[in-house]
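> Quick mapping for you: the protein sequence lines, in order, are chains A and S. Everything in the first sequence is counted per this note's numbering, starting at 6 for the first residue and increasing by one. Everything in the second sequence is counted per this note's numbering, starting at 516 for the first residue and increasing by one. A virtual CB, placed ideally from N, CA and C, is assigned to each residue, including glycine. Next up is a structure, given as structure tokens.
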Amino acid sequence: MRTRTRSALAAILIAVFASVWPRQPEVAAQSASAANGTRVSIAAATAGELGQWSALLDSRLADGSMRRRVTYGDPALTDRIVDAFVQYHDGIEVYGGDVSRVRDDGRTVAVTGTVYTDLRVDTRPGMDAAAAAQAIERLAGSALVGEPRLAIVPAIDGRFVLTYRGTTASAVTYFVDATTGDSVMQMDEWQSQAEVGSGRGALGDTKKVSASRRGGMFAAWDLLRPAPILTLDTRNNPADFMRLQNGGAPLERDLAVDADNTWTDAPVVDLHANLGLVYDYFFKRQNYLGIDGNNGTIAGVVNTSALLPNNAFFTPPPFGPGGIGGVFFGATTQGTPFTVLDIVGHEVMHGIVNATVTRRTGTGLGNTLYLEIGPSGCAAPFYCDAGRFVLVSNDPGALNEGLADVFGAAIEFFSQPAGTGPLRADYVSGEDLGGGGGRSIANPSAFNSLPQVPYPDHFANRILFPLILTPTGPFLCGTARCDPHPTAFVGGRVVNQRTYVPGAGLPLTDNGAVHLNLTIIGHAFYLAIEGGTNRTSGRTVVGVGAANREQVERVFFIAVRDLLPRGSSFQQAATAVREAARITYGPAANVTRAVNDALLAVGL
Amino acid sequence: MKQIAFVTLAMLMWAASASAQGTLPFRAYVSVNGAMQVADNDFQDSGTFVEHAEEGRFDTDYSVSHGPALNINGGVKVHRAIGVGVGVTRYSKSTPTQLSGAVPHPFFFDQDRAVSGEVGGLKREEMAIHLRGSYEFPTGPRVQVMAFGGPSFFRVKQGMVADFTYTDAYPYDTATFASGQVVEAEESKIGFNAGVDAAFFFTRQLGVGGIVQFGGTTLDIASAGDGTQEVKAGGLQAGGGLRLRF
Chain A
6 MRTRTRSALA AILIAVFASV WPRQPEVAAQ SASAANGTRV SIAAATAGEL GQWSALLDSR
66 LADGSMRRRV TYGDPALTDR IVDAFVQYHD GIEVYGGDVS RVRDDGRTVA VTGTVYTDLR
126 VDTRPGMDAA AAAQAIERLA GSALVGEPRL AIVPAIDGRF VLTYRGTTAS AVTYFVDATT
186 GDSVMQMDEW QSQAEVGSGR GALGDTKKVS ASRRGGMFAA WDLLRPAPIL TLDTRNNPAD
246 FMRLQNGGAP LERDLAVDAD NTWTDAPVVD LHANLGLVYD YFFKRQNYLG IDGNNGTIAG
306 VVNTSALLPN NAFFTPPPFG PGGIGGVFFG ATTQGTPFTV LDIVGHEVMH GIVNATVTRR
366 TGTGLGNTLY LEIGPSGCAA PFYCDAGRFV LVSNDPGALN EGLADVFGAA IEFFSQPAGT
426 GPLRADYVSG EDLGGGGGRS IANPSAFNSL PQVPYPDHFA NRILFPLILT PTGPFLCGTA
486 RCDPHPTAFV GGRVVNQRTY VPGAGLPLTD NGAVHLNLTI IGHAFYLAIE GGTNRTSGRT
546 VVGVGAANRE QVERVFFIAV RDLLPRGSSF QQAATAVREA ARITYGPAAN VTRAVNDALL
606 AVGL
Chain S
516 MKQIAFVTLA MLMWAASASA QGTLPFRAYV SVNGAMQVAD NDFQDSGTFV EHAEEGRFDT
576 DYSVSHGPAL NINGGVKVHR AIGVGVGVTR YSKSTPTQLS GAVPHPFFFD QDRAVSGEVG
636 GLKREEMAIH LRGSYEFPTG PRVQVMAFGG PSFFRVKQGM VADFTYTDAY PYDTATFASG
696 QVVEAEESKI GFNAGVDAAF FFTRQLGVGG IVQFGGTTLD IASAGDGTQE VKAGGLQAGG
756 GLRLRF
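This is the structure in structure tokens:
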């Protein structure tokens, strides 16, 4: 039965083959049609088929459409000869058109390979080799090794394209369209192999680096985790930074590399290792896969200290390296890289918020100004309502930042021992940058958000900015047009009188206090775990305890993943968190009670 | 071992003093014995390796238990009851080996994953060639009792676990032993042998008998780690079989 089935299949394939390449023998083959050529996989089995293929190869040798690449014998079998052929079309190599023939004592015993028939490709290039070389080098960001050569290749869409083929010093072979110079195909000549190295971070801690061997170097390319994690190094090159930020393709030279896998570039070491830890947290604790939830590539960009002082950010798709989004890290003015664990977790959480809310709503959490009528005394240039200031805050922006802080802390507690000081888990953000950190969700008022203005621990203490009236409408204070004072309100009173310096402008309003009001939701998270009394409301919360912190983390994550609406207000976010607790642990669960009490304590 | 050698020597001396009581009715003998090597020569080994930028370790417990051996001896009388001879003992047995290892974590220092398992296919082969001086105690014509002793040449082959493979998957917090990589270590050394052979002959030339002998040594074989590992070979053997005399 098997033989009969195979014979029938062979007959069909022979018919297909005969229709596309006249004069060919009746041999078994598998073929696939394309618009301007047909791919034929040789599958000769019987002696007759083998003989016919062999004769055909000899005839093709005679007319030049096949060329013998090499002939060699088998040292163990003196009668065995192996011929390797490569296909040409109008004198140009057809990439992938390769056939091997094995003969024993002159008798063909095997023929395998692929040929392309019925090719209809214009073999006149639209550019010369020099122009092609420039196109390849531009694509690669790396010098070409040798001269580009013409080759016909089957493109990914099945078309056969006349290309120039060239390999760069970065060990990537490019096939560019011989007319347009566009990339048709790329091949990495180096096989990547995961290889764990080690390195020293900015705080002097030695950690493992999940790298990959690429040629003679090691790249910060983690292949051991389900989501590839790439650490790119702009080396403070502004053009590279802008390209990667704006969705440009990452180039081989962008990869952070090390010669011996003992890494000495502290920002690279910290970012690469910490991106891995962050991935681990979301995988293990939240069953969430990477940033996009589907184990898409995670790209981190580092060594942008001169370009990104005192900052780090996430940029969503279609921006970031290759348009997949990315996290970028600068350094403090003292030179400490922003690649500490809680900040890396913070930025990745921005990506997760964006991905999860986008999946449900079509956009990210967004920026929405929530208005509140402030005290009287309003006059031009401020936007007034019956003589009262119109104040705004960007609640979804602050929630986005607050949730990023929440999970930055959660990741610290997952990966580091609790305590104070370097490499210890706590509720202070950025403490490993030195200087004691920047803000605390345990005790928000321990740090000032603006001069003499502590971070809010309660919704009533959120920071609001007045709108200013411009010719085009109300405008959020954020430029020199905001002068004169006042500039910030808390609880209906001015809290930030600023000295006007003509021409200097005012500090930005932080896009509506997004990095100022973030501690409100974060403090609720803290109280739900650790418990305590809110200083503003005086409400005492019995937390679930540090041993059960995972429950509160789970509640907040489900709220983000499944419930948080885009443009969410603080109240809507509180509802989402309460609902997440209820549907996850039940209405009577201790964690549900603790989360509710904590939200009430912060005024939500 | 020294104690056994001393006892053997004392037996031979005692036997020599009594040799005037009679002569043996044969000049040469051959004995073929199925024997049991009574001793367990278990041993341990360990090795280290570098994985994920950190040193890992494995320990192996080799079970070289008692088991059957083949023993063939032959000799001639050189003076009255005194003789010389040669014997060969072959012992071969599989040596199931328990491996326990600590595999470094790919992401973290000092978070080794414990693995354990049994490595199969390992074998101990011992070949001992015994040179002997012997003395036959005067007994009746059908019974023959002989004491013997002398140096032995031991050749030991031991399958050793040189490395092992494991499987793991993200998040790599555990690893599972997969297989052992086995190499054969081979070493030779001089030891000694001593023992007693007793036989009963149905005819003038053919009989059956039993043998109790100790033949052993200690060898240093190549370890999976650096250097060598001390192992014992041979030991107490007891068995019985055919006896021929001429």
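Glu390(A): which of Glu98(A), Ser203(A), Glu377(A), Ile588(A) sits nearest, CA to CA?
The amino acid occupying residue 390(A) in the given sequence is Asp; Glu does not appear at that position. Minimum Cα distance to Asp390(A) is reached at Glu377(A).
> Going by alpha carbons, who is nearest to Val75(A) out of Asp84(A), Ala89(A), Arg85(A), Leu62(A)?
Comparing Cα-Cα distances from Val75(A) to each of Asp84(A), Ala89(A), Arg85(A), Leu62(A), the minimum goes to Ala89(A).
> Buried or exposed: which applies to Lys608(S), given that a residue is buried once 16 or more other Cβ atoms fall within 10 Å of its Cβ?
Answer is buried; the Cβ neighbour count reaches 16.
> Step through the CB atoms of chain A and report whether any lies within less than 8 Å of the CB of His567(S).
So, interface residue.
> Just reading off the beta strand (DSSP E) that Phe624(S) is part of, what are its end residues?
Here Phe624(S) belongs to no beta strand (DSSP E), and DSSP marks it neither H nor E.
> Should the stretch 683-691 of chain S be regarded as contacting the stretch 653-671 of chain S, the criterion being three or more beta carbon pairs within less than 8 Å?
No: the two stretches stay apart, fewer than three of their Cβ pairs being nearer than 8 Å.
> Identify the continuous beta strand (DSSP E) that holds Leu235(A) and give its terminal residues.
Start and end: 234-238.
> DSSP state of Arg205(A), grouped into three classes?
It is a strand residue.
> Candidates Asp574(S), Gly674(S), Asp625(S): which alpha carbon is nearest Thr610(S)'s?
Thr610(S) has its Cα closest to that of Gly674(S), out of Asp574(S), Gly674(S), Asp625(S).
> Using only the alpha-carbon positions, how far apart do Tyr544(S) and Ala748(S) sit?
Between Tyr544(S) and Ala748(S), the C-alpha separation is close to 27 Å.
> Measure the alpha-carbon distance for Leu721(S) versus Asp735(S) and round it to whole angstroms.
Distance between the alpha carbons of Leu721(S) and Asp735(S) is about 41 Å.
> What residues from chain S crowd round Ser215(A), counting only those whose CB sits closer than 8 Å?
In chain order: Pro621, Phe622.
> Kindly confirm or deny that the stretch 397-414 of chain A and the stretch 323-338 of chain A touch, where touching means at least three C-beta pairs closer than 8 Å.
No contact exists between the stretch 397-414 of chain A and the stretch 323-338 of chain A.
> What does DSSP give as the partner residues of Asp712(S) in its beta bridges?
Paired residues: Met661(S), Ile726(S).
> Given 8 Å as the limit, is there contact between the stretch 281-292 of chain A and the stretch 310-329 of chain A, that is, 3 or more CB pairs closer than that?
Contact fails: fewer than three Cβ-Cβ distances are below 8 Å.
> Taking only beta-carbon atoms, is Leu229(A) less than 8 Å away from chain S?
Closer than 8 Å to some Cβ of chain S, the Cβ of Leu229(A) qualifies, so yes.
> Can you find a C-beta in chain S that's less than 8 Å from the C-beta of Gly209(A)?
No, Gly209(A) does not count as interfacial toward chain S.
> Is the Cβ-Cβ distance between Val549(A) and Ile525(A) less than 8 Å?
Contact: no.
> Smallest Cα separation from Arg605(S): which of Ala693(S), Phe761(S), Gly730(S), Ser738(S)?
For Arg605(S), the nearest C-alpha among the options comes from Gly730(S).
> Counting only the same chain and skipping the five closest in sequence on each side, list residues whose C-beta sits under 8 Å from that of Thr538(S).
Confidence at Thr538(S) is low in this model, with a pLDDT of 46, below 50, so the placement of that residue is unreliable and no value is reported for it.
> So what does DSSP say about Ala271(A), is it helix, strand or coil?
Note: Ala271(A) maps to helix in three-state DSSP.
> Work out the CA separation of Leu167(A) and Leu249(A) for me, nearest whole Å.
Near 30 Å, if we compare the C-alpha coordinates of Leu167(A) and Leu249(A).
> Do Ser215(A) and Leu237(A) have their C-beta atoms closer together than 8 Å?
Their beta carbons are not under 8 Å apart, which means Ser215(A) does not touch Leu237(A) by this criterion.
> Less than 8 Å between the CB atoms is what I'm expecting for Phe575(A) and Asp400(A), so what's the real figure, rounded?
Sure, about 5 Å apart at Cβ, within 8 Å.
> Find the nearest neighbour of Gly527(A) within the set Asp462(A), Gly426(A), Val189(A), Glu152(A), judged by alpha-carbon distance.
Closest option to Gly527(A), Cα to Cα, is Asp462(A).
> Are any of the Cβ atoms in chain A nearer than 8 Å to that of Pro686(S)?
Answer yes: the Cβ-Cβ gap between Pro686(S) and chain A drops below 8 Å somewhere.
> CB-CB under 6 Å to Ala447(A), same chain, minus the five flanking residues each way: which ones, in chain order?
Taken in chain order, the residues that qualify are Tyr432, Tyr531.
> Can you give me the C-alpha to C-alpha distance between Arg28(A) and Pro159(A), rounded to a whole angstrom?
Reliability fails at Arg28(A), whose pLDDT of 35 lies under 50, so the model's placement of it is uncertain and the value that follows must be treated cautiously. Those two C-alpha atoms are separated by around 23 Å.
> Give me the residue from Val630(S), Gln752(S), Glu699(S) with the minimum Cα distance to Ser615(S).
If we check each option's Cα against that of Ser615(S), Val630(S) comes out closest.
> Just to confirm my understanding: we take Ile587(S), look at its own chain, exclude 5 residues before and 5 after, and list those with CB closer than 6 Å. What are they?
These residues qualify, in order along the chain: Val547, Val603.
> CA-CA distance, Ala739(S) and Val560(A)?
Computed Cα separation, rounded: 51 Å.
> To the nearest whole angstrom, what separates the beta carbons of Ser450(A) and Arg540(A), a pair I think is in contact under 8 Å?
Indeed they touch by this definition, with Cβ atoms about 7 Å apart.
> Just checking: is the beta-carbon of Phe562(A) within a distance shorter than 8 Å of some beta-carbon in chain S?
Judged by the 8 Å Cβ criterion, Phe562(A) is not in contact with chain S.
> Tell me where the beta strand (DSSP E) around Gln552(S) begins and ends.
Looking at the DSSP string, the run of the beta strand (DSSP E) that includes Gln552(S) is 543-552.
> Alpha carbons only, please: which of Thr597(A), Ile296(A), Val519(A), Ala564(A) is nearest the one belonging to Val546(A)?
With distances taken between Cα atoms, Val546(A) lies closest to Thr597(A).
> Interface residues of chain S around Ser203(A) at Cβ under 7 Å?
By Cβ distance, chain S contributes Ala568.
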